[in-house]
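All remarks here apply to the structure that follows.
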Amino acid sequence: MATTTATKAKFQLEAVFNYYAPPTPPELDDLSILNGTSPDTVSCQVPVVDLRATAPLSTFTHESHGFQILHQPLPIDASHASVHDPAVLASRYYPSIIALLKAQLGARSVVVINSTLRDIPAPNLDGFDPGNPRPTTGAGSLGPFFIAHSDYTPGAVRAHLRAVRPDWFAATGTADPGTTSLADQELFFRLRGEIIAAEDRAAGLQQPGIVGQGDGKGGTLWNWDGKGYAGPRYAMFSIWRPWEPVRRDPLAVLVGGAAEGDGFLYVPLPRLYRNRPGCASEYANENALVRPPTPERGHVWGYLSVSRSSFTIARRCAAAMGVSGRCARIARFIPRIWTASRCGGAVS
Numbered sequence: 284m285a286t287t288t289a290t291k292a293k294f295q296l297e298a299v300f301n302y303y304a305p306p307t308p309p310e311l312d313d314l315s316i317l318n319g320t321s322p323d324t325v326s327c328q329v330p331v332v333d334l335r336a337t338a339p340l341s342t343f344t345h346e347s348h349g350f351q352i353l354h355q356p357l358p359i360d361a362s363h364a365s366v367h368d369p370a371v372l373a374s375r376y377y378p379s380i381i382a383l384l385k386a387q388l389g390a391r392s393v394v395v396i397n398s399t400l401r402d403i404p405a406p407n408l409d410g411f412d413p414g415n416p417r418p419t420t421g422a423g424s425l426g427p428f429f430i431a432h433s434d435y436t437p438g439a440v441r442a443h444l445r446a447v448r449p450d451w452f453a454a455t456g457t458a459d460p461g462t463t464s465l466a467d468q469e470l471f472f473r474l475r476g477e478i479i480a481a482e483d484r485a486a487g488l489q490q491p492g493i494v495g496q497g498d499g500k501g502g503t504l505w506n507w508d509g510k511g512y513a514g515p516r517y518a519m520f521s522i523w524r525p526w527e528p529v530r531r532d533p534l535a536v537l538v539g540g541a542a543e544g545d546g547f548l549y550v551p552l553p554r555l556y557r558n559r560p561g562c563a564s565e566y567a568n569e570n571a572l573v574r575p576p577t578p579e580r581g582h583v584w585g586y587l588s589v590s591r592s593s594f595t596i597a598r599r600c601a602a603a604m605g606v607s608g609r610c611a612r613i614a615r616f617i618p619r620i621w622t623a624s625r626c627g628g629a630v631s
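One point on numbering: in my numbering, the residue at position 56 of the sequence shown is 339, and numbering is uninterrupted.
Structure below.
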C-alpha cells in the first residue's frame, strides 16, 4: 500500500491484515473466507496506531468513528466458570450492559441479542452448521475470524429486526424481568412495529416487506437507502470487553483512511441463517467483508493498549436507520444488542 512520508513517520507500527480480494461477492455461506481456508483473500501490511496516542479516548464516538470506548467495572467475577455460565450472564452481566448503554448512548430501548466468548484459538468444526455456526448455549466459545469484516450490512440489520418472533425474549433466555423488564420487552416490540411500518411506508410497499425471509434479496428493502424514513432510529452494536488484561492479539478497528468520509468499502458475504433462537426459521442475511486498501483509500487500524476489563468498546455493526455504519473490525466477549434512541440522536 502506498503511504505518504508523513503517514509513515506518524505510525511506526505496522501489521498484516487479511482482506477479501475479488470484486464480486462470494457464494452463499462461503465460510471458508472467515476461517482462513479460502483462496480469495489477500494479506496487506498496513499502519496500526494505539488509540491512546492519537487523541483523548472520549473523542472516539459511534457517531464520528463507528465505535465508542466506555468505562464500567466488570459486574461479575472474571473466572472461567462465571463467564461461561448463562445464568450469571443473564442475571448480572446483561442488565449492567443494558443500563450502561442507556446511560452513555441515550438509548431508550436496549435488547441483548446473543453473546459470544472468543477464548479459543480456532473454531471447532465438529457438528458445524453454516446456517447457525455459533454455539447453541448463551456462553459458548468461538475462535477468531480470519478476515477484516463488519458483522452486518445495514440491510442485514434490517433483516434481523424483521426476523424476530413474538417469543424472542423467552427463546433467547432474556425474558426474566431481572434481565429485561416487562416494560422494556413491551417497548421493544412496540418500537419494532413502528420501525417496520415506517420503513414500509417510506419505501412505498403495499404490504410488509419480506426482506430477510426466504431468499428475501429481491425485496425493495434490501438495498434501500432509507430515503423518506421518519420512524425511530435504530442500530445493532457489538460490545467488546476483555475478561483480563490483553497482552496480545487485541481487537483492531478501522480508524483512518477508508474509515473516513462515506465509510469503508465492503463486499457482502450472503448468508442464509437457520434455526436461530427467537428468529424466523430461515432468513437471508449478510456479513460485510472489508475491501483491501488502495493507494487512493489507505487503511489505518487502531487498537487500545493496556486494555482491561473495565473498558468496553461499543462498536456499531451497522445502523439501518440513522447514522451510516462505519466501523470495521478484525477478528473477547460480544453481546450484540438492538438499541433505540431517546430522541433524534445517533442511536435509535
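Positions of the beta carbon are idealized from the N, C-alpha and C atoms, including for glycine. This one's a predicted model, so the numbers in the text were calculated from it and none came from an experiment.
Exercise for the section: Under the assumption that Pro-576 contacts Cys-327 (Cβ atoms under 8 Å), give the Cβ distance between them as a whole number of angstroms. Expected result: With a Cβ gap of about 6 Å, Pro-576 and Cys-327 count as contacting.
Problem - Straight-line gap, Leu-372 to Tyr-435 (C-alpha atoms, nearest Å) - result: The alpha-carbon atoms of Leu-372 and Tyr-435 are separated by roughly 24 Å.
Practice task
Could you pull out every residue in the same chain whose Cβ sits closer than 8 Å to the Cβ of Leu-572, ignoring the five residues on either side in sequence?
Solution key: Around Leu-572, the same chain offers Tyr-302, Tyr-303, Pro-309, Ile-316, Ile-430, Ala-431, His-432, Tyr-549, Val-550, Pro-551, Leu-552 as residues with beta carbons nearer than 8 Å, after the five sequence neighbours per side are excluded.
Exercise for the section: Would you mind sorting Gly-605 into buried or exposed? The rule is 16 or more other CB atoms within 10 Å of its CB. Expected result: In this predicted model, Gly-605 has a pLDDT of only 43, less than 50, meaning its place in the structure is not dependable; the value taken from the coordinates is given anyway. Burial state of Gly-605 is buried, judged by a 10 Å Cβ sphere holding 16 or more other Cβ atoms.
Handout entry: Spatial neighbours of Met-284 in its chain, beta-carbon cut-off 8 Å, leaving aside the 5 residues before and after
Key = Its pLDDT being 34, under 50, Met-284 is placed unreliably in this model, and the value from its coordinates should be taken loosely. Excluding positions up to five away in sequence, the list reads Cys-327, Gln-328, Val-329, Pro-576, Thr-577, Pro-578, Gly-581, His-582.
Handout entry: Beta-carbon proximity of Leu-474 to Pro-449, cut-off 7 Å
Key = It is not a contact, given that the beta carbons lie outside the stated cut-off.
Handout entry: Classification of Ser-607 by the beta-carbon crowding that lies within 10 angstroms, buried from 16 upward
Key = With a pLDDT of 38 at Ser-607, under the threshold of 50, the modelled position of this residue cannot be trusted, and the question is left open.
Exercise for the section: Consult DSSP for Val-366 and reduce its assignment to one of helix, strand or coil. Expected result: Note: Val-366 maps to helix in three-state DSSP.
Practice task
Could you have a look at Thr-595 and say whether DSSP puts it in helix, strand or coil?
Solution key: It is a strand residue.
Handout entry: Boundaries of the alpha helix (DSSP H) in which Leu-317 is found, first to last residue
Key = Looking at the DSSP string, the run of the alpha helix (DSSP H) that includes Leu-317 is 315-318.
Handout entry: Beta carbon of Thr-462 nearer than 7 Å to that of Tyr-377
Key = Yes.
Handout entry: Reduced DSSP category for Trp-526 - H, G, I as helix; E, B as strand; rest coil
Key = Trp-526 sits in coil when the DSSP states are folded into three classes, being neither helix nor strand.
Exercise for the section: Please state if the CB of Leu-353 and the CB of Gln-387 are separated by a distance shorter than 7 Å. Expected result: Cβ distance < 7 Å, so Gln-387 and Leu-353 count as in contact.
Practice task
Find the nearest neighbour of His-367 within the set Ser-590, Ala-486, Leu-400, judged by alpha-carbon distance.
Solution key: Closest option to His-367, judged by alpha-carbon separation, among Ser-590, Ala-486, Leu-400: Leu-400.
Practice task
Measure the alpha-carbon distance for Ala-486 versus Gly-476 and round it to whole angstroms.
Solution key: Distance between the alpha carbons of Ala-486 and Gly-476 is about 15 Å.
Handout entry: Helix, strand or coil at Ile-396 according to DSSP, with G and I counted as helix
Key = Of the three classes helix, strand and coil, the one that applies to Ile-396 here is strand, per DSSP.
Exercise for the section: Could you tell me the boundaries of the beta strand (DSSP E) in which Gln-355 lies? Expected result: First-last for Gln-355: undefined, no H or E at that position.
Problem - Alpha-carbon spacing of Ser-379 relative to His-348, whole angstroms - result: Ser-379 and His-348 have their alpha carbons spaced roughly 24 Å apart.
Handout entry: Where Asn-506 falls, given that 16 or more other Cβ within 10 Å makes a residue buried
Key = Asn-506 comes out exposed.
Handout entry: DSSP three-state assignment for Tyr-377, whether helix, strand or coil
Key = Three-state result, Tyr-377: helix.
Handout entry: Length of the line joining the Cα atoms of Gln-468 and Ser-374
Key = So the two alpha carbons sit approximately 16 Å from each other.
Exercise for the section: Taking Thr-324 as part of the beta strand (DSSP E), name the residues at either end of that continuous run. Expected result: Run containing Thr-324: 324-333, per the beta strand (DSSP E) assignment.
Handout entry: For Leu-555 and Glu-565, believed in contact at Cβ under 8 Å, the rounded distance
Key = With 8 Å as the limit, Glu-565 and Leu-555 qualify as a contact, their Cβ atoms being about 7 Å apart.
Handout entry: For Glu-310, three-class secondary structure by DSSP
Key = DSSP, read as helix, strand or coil, puts Glu-310 in coil.
Handout entry: Spatially closest choice to Phe-594 from Asn-558, Arg-524, Ala-535, by CA coordinates
Key = Of the candidates Asn-558, Arg-524, Ala-535, the one whose C-alpha sits nearest the C-alpha of Phe-594 is Arg-524.
Practice task
Provide the residue(s) that pair with Arg-557 in DSSP beta bridges, ordered along the chain.
Solution key: Per DSSP, the beta bridge partners of Arg-557 are Glu-565.
Exercise for the section: Could you tell me which of Trp-451, Ser-592, Ile-596 sits nearest to Ile-359, measuring between CA atoms? Expected result: Measuring from the Cα of Ile-359, the nearest candidate turns out to be Ser-592.
Handout entry: Extent of the continuous alpha helix (DSSP H) run through Ile-466
Key = For clarity, residue 466 is Ala in the given sequence; the question names Ile instead. Secondary structure note for Ala-466: its alpha helix (DSSP H) is the uninterrupted segment 465-485.
Problem - Identity of the residue in Val-394, Arg-445, Phe-452, Ser-365 nearest Asp-483 by Cα - result: A check of alpha carbon separations from Asp-483 across Val-394, Arg-445, Phe-452, Ser-365 identifies Arg-445 as the nearest.
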